[in-house]
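Participant: Numbering-wise (numbering that gives the first Met the number 0), the sequence shown opens with residue 0 and increments by one. Please read through the structure below; I'll follow up with questions.
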Amino acid sequence: MAPDGGERSSVSVEDIEVMSLSEEYSTPVSGETGNVLNVTAYIVNADKADSSALLIRFKLEETDSAEPSSSRELATKNVELDYIKGRSMLPQSVQIAVPGPGTYHVEVSVFEEGKDPSPALGMVFFIGEEGEVGTF
């Protein structure tokens, strides 16, 4: 990553979607029990030129809706990409297990080799008793 004051990356996270995977389609994540989520980040390259190598970081935290400042990190997953074509969007998904019903925060960051990162994008969502995903 470039030091602060360097060229800012034109690659950013445009949107995030979180869906619950039903048991028949999901693969257990590291033997964990609970709900397996499919988290998709839509990565956009606003520049005309192809990007440099990218690292996409998905960070999931369990939050307390009564006390939003208290959170517990559950998982971090990194995805490496060689590049993203200029003026294009690329959906990138990971599967993450959560322990069960509750309120969660997912944040996605994109780091482009040799450039300052664009701001991360995050969203808060909840998992209901039946495993359904909802947003606030």
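For each residue, glycine too, the CB sits at the ideal point set by N, CA and C.
Quick one: is Ser-11 buried, meaning 16 or more other Cβ sit within 10 Å of its Cβ, or exposed?
Facilitator: buried
Participant: List the endpoints of the continuous beta strand (DSSP E) containing Pro-90.
Facilitator: 87–97
Participant: Using C-beta distances below 8 Å, list every residue in its chain close to Ala-52, excluding the 5 sequence neighbours before and after it, in chain order.
Facilitator: Glu-79, Leu-80, Asp-81, Tyr-82, Glu-111 and Glu-112
Participant: Considering only residues of the same chain and omitting the five flanking positions on each side of Leu-73, which have a CB-CB separation below 7 Å?
Facilitator: Leu-59, Glu-60, Glu-61 and Val-97
Participant: Within its chain, find whatever has a CB closer than 6 Å to the CB of Val-17; leave out the 5 residues flanking it on each side and keep chain order.
Facilitator: Leu-36, Val-38, Phe-124 and Val-132
Participant: Is it the case that the Cβ atoms of Asp-49 and Lys-84 are separated by a distance below 7 Å?
Facilitator: yes
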